[in-house]
Amino acid sequence: MRSALGGPRLLLRRLREISAEPVSAQTRLDKIVVQIAANMVAEVCSVYVLRADSRLELYATEGLNREAVHQTTMHAGEGLVGLIARSAEPLALSEAHDHPAFAYKPETGEDAYHSFLGVPILRGGSTLGVLVVQNKVRRVYSEEEVEALQTTAMLLAELIASGELQAIEDPRDLALYRPASLRGAAMCDGVGLGHVLLHEPRVVVKQLVAEDLSRELTRLEQAVDAMRASIDELVAHGDRMGAGEHRDVLETVRMVAYDRGWVRRLREAVKSGLTAEAAVERVQSDARARMQRQTDPYLRDRLHDLDDIANRLLHQLTGQSYVADRDSVPENAIIVARTMGPAALLDYDRARLRGLVLEEGGPSSHVAIVARALGIATVGLVAGVIDLVETGDPIIIDGSTGEVHVRPQPDVQSAYAEKARLRARRQEQYAKLRDVPAVTTDGVQIALHMNAGLAIDVPHVHETGAQSIGLFRTELQFMLAPRFPRMDEQYRFYKGVMDAVPDRPVTFRTLDIGSDKILPYMAKIDEENPALGWRAIRIGLDRPGLLRMQLRAMLKAGAGRNLRVMFPMIANVAEFEAAKSIALRELDHVRRHGYLEPSSLHLGAMVEVPSLLWELELIAERADFLSVGSNDLVQYMYAADRDNTRVSKRYDNLSPPVLRALERIADAGRRAGTPVTLCGEMGGRPLEALALLGIGYRSLSMSPSAIGPVKSMILGVDLAETQAYLSALLTENDGAPSLREKLRDFALTRNIPL
Ligand code: PEP
Ligand code: MG
1 MRSALGGPRL
11 LLRRLREISA
21 EPVSAQTRLD
31 KIVVQIAANM
41 VAEVCSVYVL
51 RADSRLELYA
61 TEGLNREAVH
71 QTTMHAGEGL
81 VGLIARSAEP
91 LALSEAHDHP
101 AFAYKPETGE
111 DAYHSFLGVP
121 ILRGGSTLGV
131 LVVQNKVRRV
141 YSEEEVEALQ
151 TTAMLLAELI
161 ASGELQAIED
171 PRDLALYRPA
181 SLRGAAMCDG
191 VGLGHVLLHE
201 PRVVVKQLVA
211 EDLSRELTRL
221 EQAVDAMRAS
231 IDELVAHGDR
241 MGAGEHRDVL
251 ETVRMVAYDR
261 GWVRRLREAV
271 KSGLTAEAAV
281 ERVQSDARAR
291 MQRQTDPYLR
301 DRLHDLDDIA
311 NRLLHQLTGQ
321 SYVADRDSVP
331 ENAIIVARTM
341 GPAALLDYDR
351 ARLRGLVLEE
361 GGPSSHVAIV
371 ARALGIATVG
381 LVAGVIDLVE
391 TGDPIIIDGS
401 TGEVHVRPQP
411 DVQSAYAEKA
421 RLRARRQEQY
431 AKLRDVPAVT
441 TDGVQIALHM
451 NAGLAIDVPH
461 VHETGAQSIG
471 LFRTELQFML
481 APRFPRMDEQ
491 YRFYKGVMDA
501 VPDRPVTFRT
511 LDIGSDKILP
521 YMAKIDEENP
531 ALGWRAIRIG
541 LDRPGLLRMQ
551 LRAMLKAGAG
561 RNLRVMFPMI
571 ANVAEFEAAK
581 SIALRELDHV
591 RRHGYLEPSS
601 LHLGAMVEVP
611 SLLWELELIA
621 ERADFLSVGS
631 NDLVQYMYAA
641 DRDNTRVSKR
651 YDNLSPPVLR
661 ALERIADAGR
671 RAGTPVTLCG
681 EMGGRPLEAL
691 ALLGIGYRSL
701 SMSPSAIGPV
711 KSMILGVDLA
721 ETQAYLSALL
731 TENDGAPSLR
741 EKLRDFALTR
751 NIPL
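FYI, our numbering numbers position 599 of the sequence shown as 599, with every residue one higher than the one before it.
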């Protein structure tokens, strides 16, 4: 068997020299294929580049007919080259003609060549093209040769990605710059036109070719050791790696980090001439290419683990930062993230953000709630978006339909610019409704309130004409703070909120932390099921010091005014009573110390734990008001984590079980004369809100941007007819998992604006 001349390292060095020569892109490619052919002792070396129309085009060749360059093209999937592009795997054959996929292109003159070795040109797991060498004689290509050609292909990937080939073709013709349209879940209304900002930036590997092999091997070993040590330490201390991740994830990541095969592949890649960081990138790119073609969710999860490990290694090796630099967020940034905790979003300069795209994270995840509070157009559950984009890519998102357009064509761009203008006009119309009461066509007034959580939300009360702040999520302020806010800081904050809306009530909710709402300065507790764990009022009752301090701050801030406070996650009447007695004791304290007390104090319970549905009469009697947290209530009813995308989409809020449960709460409130409001996300969606009116709700609290659309729906509703329709729908329940389509038809045939 012939061996490669000079080996892969010499070839890499030579290719790097060629890369630096001041020649045209075509000349550079032509020189590269000559070098590869000579080094691999092959008669033919060809480069095929994947175009935006999914065809592979011959860009350069040594050995085949030169006239075929830029003339010969094939589909991905057609012939051996197409097969490699589609499978993203190398293919080595001693007799190419015998392979069933072999397709003969007469203009290339390749019939004279028998043996064939082709490898995909990969970047971040995406195929950018195919690199092929061919020999006249039948020969077997060694594993080292396959490895060497793959390493060489990585250099070509960089050349293609550098944009140099744009000089040869229109950049829009290359797959790399291909426009892509994806669809996810609509999470926060709004059209965002801007540029991608990757929340976790990819590490840019600048130096691909190793200068000193043994030094690179040492760097690799050291980085692997350091990474393992840091993971071991995380496991030992039960610390968290990022929002929402816990022990199981860490354990899996540790398993991958100690995987011998993986480390062996890294070493081999370095030995083929790459720097340690380039080796990590290459091995990861191969793994991604293979795993991306898997549909099995388990394997895709493994891919995330592998990505995580590879990223850790790359950061270790290059010293580059883990998260986007918050201070240098460009104008019109659209954040693209796999997943994100609410605090991470709050860290960004909101004025520069135009949108948020999440690969995971459903509509009632807390980051979505924060995005809605901030009024940032958001699309969630966009599978595969991270692999498709680079920071800086133009992107358009539509938070009302869930559409995402990456590198959009000019006509898509102008269509969305128009849509954004129309939306602005519609917003003006909603603004005109500000002072119009939300009254149905048969004269029933519906109370619309606003959800808030940050000081910047509060002015929206005036803009939207909301009757009050129906839910003030106090934990958001705590999540922003560098340490637990002191009593006087809390007092000033609550007073500031009430001062900003002197003519309208504010319903403060006491701290709802735990689960994915984590205070960075509080020791994290390792829990198997955080959503079912120590959170909200459970923490408040077990650590009454925190709750007492918060209540005291609220009572002082509410001096001389009507103060409304509600407790989250109340699971039984006893918990409400316990929380209430703490509040009353604090009221007593405020009185005894001569502070001016609130003119009235209303204490409410959130109904969001299903057990309370069997104590409804009692809680409706004891509480001054009830507020339904449908986000949590539905998650617990269906035993489906609201943040877990695999299950959260499975069940619909507009289903008989959910609507019946909600109906019972409204009924219990009515019978006891206790006001009931619903403050979960479903209240802000016009179709869901229509159903809620139909089962008896007369008060809804929602994000500010939802008030206009919900009010305009209400103005078109005949309430008596809607109630009769829902009652019939729920009575004649035939076991359908969702009533959404029927309700939509009902609304459409009556021209109710949704
Ligand atoms: C809810 O659970 O519906 C709710 C309003 O509270 P949060 O979304 O903050 O848990
Ligand atoms: Mg809740």
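Ideal Cβ positions, reconstructed from N, Cα and C, are used throughout, including at glycine.
- At a Cβ-Cβ threshold of 8 Å, ARG509 and MET569 do not count as neighbours.
- Straight across, the Cα-Cα distance linking LEU454 with LEU306 is about 37 Å.
- Rounded to the nearest whole angstrom, the C-alpha separation of LEU317 and VAL263 is 15 Å.
- The DSSP-derived three-state label of TYR430 is helix.
- Per DSSP, PHE102 lies in no alpha helix (DSSP H) and is assigned neither H nor E.
- Under the rule that a run must span 4 or more residues, the alpha helix (DSSP H) segments found entirely inside the stretch 362 to 422 read 366 to 374, 385 to 388.
- Judged by the Cβ position, GLU608 qualifies as a neighbour of the ligand PEP at the 7 Å threshold, a heavy atom of the ligand being closer than this.
- Scanning ARG282, ASP393, ARG138 for the CA closest to the CA of ARG178 turns up ASP393.
- In terms of side-chain proximity, the C-beta atom of PRO342 is found no nearer than 7 Å to any non-hydrogen atom of the ligand MG.
- One thing to note: GLY125 has its Cβ within 8 Å of the Cβ of ALA289.
- For ALA373 and ALA343, the gap between their C-alpha atoms comes out near 13 Å.
- Contact between GLU62 and CYS45 holds: their C-beta atoms lie close to 5 Å from each other, under 8 Å.
- In this structure, DSSP gives LEU715 a state outside helix and strand, which the three-state scheme calls coil.
- Counting along the chain, the unbroken alpha helix (DSSP H) around ILE619 starts and ends at 616 to 622.
- Burial check for GLY669: the Cβ neighbour count within 10 Å reaches 16 or more, so the residue is buried.
- In the three-state scheme derived from DSSP, where H, G and I count as helix and E and B as strand, GLU57 is classed as strand.
- Listed in chain order, the non-local C-beta contacts of ALA278 below 6 Å within the same chain comprise VAL205, LEU208, local neighbours out to five positions each way being set aside.
- By the Cβ rule, the stretch 157 to 175 counts as touching the stretch 51 to 62, because three or more pairs are nearer than 8 Å.
- DSSP, reduced to helix, strand and coil, places ARG642 outside both helices and strands of the structure shown, so it counts as coil.
- The beta carbon of GLY184 is closer than 7 Å to those of VAL379, GLY380, LEU381, VAL382, GLY402, VAL404 in its chain, skipping five residues each way along the sequence.
- For GLN427, the CB contacts under 8 Å within the same chain, skipping 5 residues up- and downstream, are GLY708 in chain order.
- For PRO505, no beta strand (DSSP E) encloses it, and the DSSP letter there is neither H nor E.
- By the C-beta density criterion, GLU586 is buried, having at least 16 other C-beta atoms within 10 angstroms.
- Per the coordinates, the alpha-carbon of TYR113 lies some 46 Å from the alpha-carbon of ASP411.
- Taking every protein chain shown into account, the CB of ILE525 has fewer than 16 other CB atoms within 10 angstroms, so this residue is exposed.
- Annotated three-state conformation of GLU164 is helix, per DSSP.
- For ASP526, the shortest separation between its Cβ and any heavy atom of the ligand MG does not lie below 7 Å.
- Sequence-distant Cβ neighbours of TYR48 in its own chain, meaning closer than 6 Å and more than five residues away, are LEU56, LEU58, VAL81, GLY129, VAL130.
- Taken through DSSP and simplified to helix, strand or coil, GLU62 comes out as strand.
- GLY470 and ARG421 have their alpha carbons spaced roughly 31 Å apart.
- The Cβ-Cβ distance between MET554 and TYR494 falls below 8 Å.
- Cβ atoms of GLY540 and PRO598 stay farther apart than 8 Å, at about 20 Å.
- Apart from the 5 residues on each side of it in sequence, GLU527 sits with its Cβ closer than 6 Å to the Cβ of GLY533 in its chain, given in chain order.
- Fully contained in the stretch 656 to 735 are the following alpha helix (DSSP H) runs of length 4 or more, in chain order: 656 to 672, 686 to 694, 704 to 714, 719 to 731.
- Each of ILE695, VAL710, THR152, GLU268 was checked against the Cα of THR731, and the nearest Cα belongs to ILE695.
- Under the Cβ criterion (8 Å, minimum of three pairs), the stretch 355 to 372 does not count as touching the stretch 214 to 230.
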